[in-house]
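Below: one structure, written as C-alpha cells.
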Amino acid sequence: MAHYQAMGSIPPKRHTQHRRPARGGRPGELYYEELMGEEGFSSDSSLLYHRNIPSTVVGAREWSIGDLSTTPNHPLVPRHLKLHDLFAPKDVRNTDVVTGRRLVLGNGDVRISYAVAGAPSPWYRNGVGDECVYIERGRARVETVFGAFDVAEGDYVIIPRATTHRWIPRRSTKDPLRAYAIEANSHIAPPKRYLSKYGQLLEHAPYCERDLRGPAGPLLAEDVGAKADEESEVYIKHRGNGPGGIVGTIHTLPFHPLDVVGWDGCLYPYVFNVRDYEPITGRVHQPPPVHQVFEGWNFVICNFVPRKVDYHPLSIPVPYYHSNVDSDEIMFYVDGDYEARKGSGIGKGSISVHPGGHAHGPQPGASEASIGTEYFDELAVMVDTFRPLELGEGGRAVDDGAYVWSWSRPRSS
109 MAHYQAMGSI PPKRHTQHRR PARGGRPGEL YYEELMGEEG FSSDSSLLYH RNIPSTVVGA
169 REWSIGDLST TPNHPLVPRH LKLHDLFAPK DVRNTDVVTG RRLVLGNGDV RISYAVAGAP
229 SPWYRNGVGD ECVYIERGRA RVETVFGAFD VAEGDYVIIP RATTHRWIPR RSTKDPLRAY
289 AIEANSHIAP PKRYLSKYGQ LLEHAPYCER DLRGPAGPLL AEDVGAKADE ESEVYIKHRG
349 NGPGGIVGTI HTLPFHPLDV VGWDGCLYPY VFNVRDYEPI TGRVHQPPPV HQVFEGWNFV
409 ICNFVPRKVD YHPLSIPVPY YHSNVDSDEI MFYVDGDYEA RKGSGIGKGS ISVHPGGHAH
469 GPQPGASEAS IGTEYFDELA VMVDTFRPLE LGEGGRAVDD GAYVWSWSRP RSS
C-alpha cells in the first residue's frame with residue numbers, strides 16, 4: 109500500500125545512525141535498522157528500528173503445519189461447503205487462528221482456510237505471501253512488530269509477507285472469533301485500476317485512504333506486560349517440499365519479538381472494514397469486477413454488500429447465468445438474505461464453489477422472483493482464481509454432496 113506512514117522513534121535520514129538515549133555522557137548503542145521490502149529492493153518497503161539484531165536465532169525446529177494436501181474437484185461439480193460444521197464448540201477454547209486453520213480450498217497461488225478460535229496464537233510469520241484475514245464474527249487484538257489493531261466483525265486484516273504478529277481473541281462463548289484466511293503466494297493490494305500511477309486511491313474507487321486503519325504503535329514488549337529479554341518462539345510458514353510447496357519452522361529468539369522502537373515507509377499491515385465499501389450500482393445488473401476490493405497474483409477478492417439494485421424498468425436484479433471460463437468462483441456467505449441462492453440450502457457460513465467450465469447462476473425461480481426488488485440485504489466475500497482450486501481436508505469434510513443437483517434432480521443410479 110503506497111501510502112507513507114511514520115511511527116515512533118526514527119532518525120531524520122534513512123540508513124544513518126540512530127541511537128538509544130545517551131547515558132553518563134556517552135552515546136547510546138545503535139538501534140538495528142531492518143529494511144522490509146518487496147521485489148528485491150524495487151517496490152514498497154519500510155524501515156524498522158530494533159533494539160536487538162533481527163537475525164538472531166538461538167534455536168530452530170520443525171513445525172508440522174497440519175494437513176495441506178488437496179484433492180482435485182473431479183468429477184467437475186459445483187459444491188456447497190458448510191464452514192460452520194468444521195469446529196465443534198468444545199474445541200474452540202483451545203484453537204487459535206494460526207495453528208488451528210483448516211484448509212478449505214487451495215492451488216499454487218492462494219489458499220483459503222477457516223478457524224474458529226478462543227485461544228491466543230503463537231507469534232507467527234508467513235514467509236510465503238501476504239495474508240488477508242476476514243473477521244466473520246467475534247473480536248480480537250492483533251499485535252505486530254509495526255503496532256497493534258483491535259479488530260472485529262467485518263474487518264479485513266491485510267498482513268504483508270514476513271510480518272511477525274499474533275492473534276489474541278476476546279473470549280466469548282456467544283460470538284467466538286471466526287476468521288476466514290486468504291493466504292497468497294504473492295502480495296495482496298487494492299486493484300491497480302483504483303490507483304493513480306503514484307499509488308493514490310482514485311475518485312472512482314469504492315474506498316479511500318480515510319477508510320484504512322493503520323497499526324497503533326510502535327508496540328514494545330513492556331507495553332504487553334512482557335520482559336524485553338523474554339525468550340520467544342516464532343512460527344514461520346515458508347517455501348519447501350511439503351504439500352503445496354509449504355513447510356513450517358519454529359525459531360527461538362533470545363528476546364521478545366516486540367522490540368521495534370520506530371518505523372516508516374509504505375509497507376505495513378492495515379485494516380479495512382467492509383461497511384466502508386461503497387457499492388457501485390447501475391440500471392442493469394453489474395458484473396462482479398465492480399465489487400472488487402483487493403487482488404493478488406492470479407486471484408481477486410470481491411465483496412457483495414447491502415445495496416440498491418438495478419433500476420431499469422425491465423431489470424432482473426439477480427445475476428444472469430454465466431460461465432467464467434477462466435475462473436473458479438468461491439463465494440463465502442457471511443450475512444443477510446441471498447436472493448439468487450434461495451432453495452439451494454446455502455445460508456450463513458456457507459461457501460459455494462462454482463468451478464470454471466461449468467455455467468452457474470440463480471436457483472430455479474429466483475430470476476422471476478427478484479423482479480421488482482429494489483434492495484439486496486446481503487454480505488458475502490468472493491475469491492475468484494485464475495487457476496483451478498482443489499479441495500483441502502476442511503473442504504472435503506463439510507461438502508454437502510447435494511448442491512450440484514439444486515438446479516435439477518440427479519439421475520438415479
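All residue numbers for the sequence shown refer to the numbering used here, where the first residue is 109 and numbers rise by one.
Ideal Cβ placement from N, Cα and C applies to all residues, glycine included.
Predicted model only: the values in this text are computed from it and were never measured.
If you drop the 5 nearest sequence neighbours on each side, which residues of the same chain put their C-beta closer than 8 Å to that of residue i?
i    : result
S521 : Its pLDDT being 42, under 50, S521 is placed unreliably in this model, and the coordinates cannot settle the point.
D337 : P362, F363 and H364
P351 : D175, L176, S177 and T178
D63  : Residue 63 is absent from the model: the chain starts at 109 and stops at 521.
L309 : P298, Y302, L303, Y315, C316 and E317
Since residue i and residue j should fall inside the 8 Å C-beta cutoff, what is the C-beta to C-beta distance between them, to a whole number of angstroms?
i    : j    : result
P284 : G226 : 5 Å
I276 : P377 : I276 to P377, Cβ: 15 Å. No contact.
Y264 : V382 : 7 Å
Y288 : V489 : 7 Å
D436 : P470 : Actually they do not touch by this definition, with Cβ atoms about 19 Å apart.
I118 : D384 : Not quite, the Cβ-Cβ distance comes to about 29 Å (not below 8 Å), so this is no contact.
N181 : P496 : 7 Å
F257 : Y315 : That pair is no contact at about 17 Å.
T178 : G214 : 5 Å
G325 : G255 : 2 Å
P183 : Y511 : Contact flag wrong, Cβ pair sits at about 14 Å.
V259 : V491 : Actually they do not touch by this definition, with Cβ atoms about 20 Å apart.
Spatial neighbours of residue i within its chain, please: CB distance less than 7 Å, with the 5 preceding and 5 following residues excluded, ordered by chain position.
i    : result
D445 : D485 and E486
T203 : F195, A223, V224, A225, G226 and A227
V417 : T389, P425, T481, E482, Y483 and F484
E501 : D175, S177, R210 and L211
Y428 : H393 and G469
In whole angstroms, give me the CA-to-CA distance for residue i and residue j.
i    : j    : result
E317 : G370 : 22 Å
H346 : I296 : 17 Å
G167 : K335 : 19 Å
I354 : G348 : 5 Å
G333 : I173 : 29 Å
K339 : H359 : The sequence given here places Glu at residue 339; Lys does not occur at that position. Cα to Cα, E339 sits roughly 11 Å from H359.
E141 : D367 : 12 Å
R391 : I424 : 10 Å
V165 : R159 : 15 Å
H466 : H430 : 9 Å
T272 : G307 : 25 Å
Y112 : A313 : 19 Å
A270 : E146 : 10 Å
V241 : H364 : 24 Å
I479 : S154 : 51 Å
T281 : T357 : 32 Å
F402 : P472 : 32 Å
Q400 : S163 : 38 Å
L499 : V408 : 19 Å
M115 : G451 : 52 Å
N406 : G216 : 9 Å
H393 : Y419 : 9 Å
P197 : S304 : 46 Å
V433 : S516 : 22 Å
L320 : P299 : 15 Å
D199 : L143 : 40 Å
P421 : E291 : 42 Å
E251 : R274 : 5 Å
V206 : V342 : 11 Å
G404 : G136 : 43 Å
Can you determine whether any heavy atom of the ligand GTP sits closer than 8 Å to the C-beta of residue i, and answer yes or no?
i    : result
N215 : Among the ligands in the structure shown, none appear at all, so the ligand GTP cannot be discussed.
Please go through the same chain and pick out, in chain order, the residues whose beta-carbon is closer than 6 Å to the beta-carbon of residue i, but skip the five residues on each side of it.
i    : result
D193 : V506
E311 : none
P387 : V413 and R415
Y457 : It is Gly, not Tyr, that sits at residue 457 in the sequence shown. For G457, where only same-chain residues beyond five positions count, the Cβ hits under 6 Å are L191 and H192.
P396 : C410
S475 : I424 and V426
G70  : Outside the modelled stretch of the chain, which goes from 109 to 521, sits residue 70, for which no answer is possible.
V253 : T272 and V368
M439 : S460, A488 and M490
Just checking: is the beta-carbon of residue i within a distance shorter than 9 Å of some beta-carbon in chain C?
i    : result
D508 : In the structure shown, chain C cannot be found, because there is only a single protein chain.
Take the Cβ of residue i as the centre, count every other Cβ of all protein chains shown within 10 Å, and call the residue buried at 16 or more, exposed below.
i    : result
Q125 : exposed
K121 : exposed
S229 : buried
V398 : exposed
L138 : exposed
H188 : buried
L375 : buried
W61  : Since the first residue shown for the chain is 109 and the last is 521, residue 61 is missing from the structure and cannot be characterised.
Unbroken stretches of the beta strand (DSSP E), 3 residues or longer, contained in the region 241 to 288: Taken in chain order, the whole beta strand (DSSP E) runs of length 3 or more contained in the region 241 to 288 are 247 to 252, 255 to 260, 263 to 267 and 273 to 277.
Minimum length 3: unbroken beta strand (DSSP E) runs contained in the region 122 to 182: Listed in chain order, they are 140 to 145, 153 to 158 and 167 to 171.
Complete beta strand (DSSP E) runs within the region 298 to 367 (minimum length 3 residues, chain order): As for any beta strand (DSSP E) of minimum length 3 sitting wholly inside the region 298 to 367, the runs are 340 to 347 and 354 to 361, ordered along the chain.
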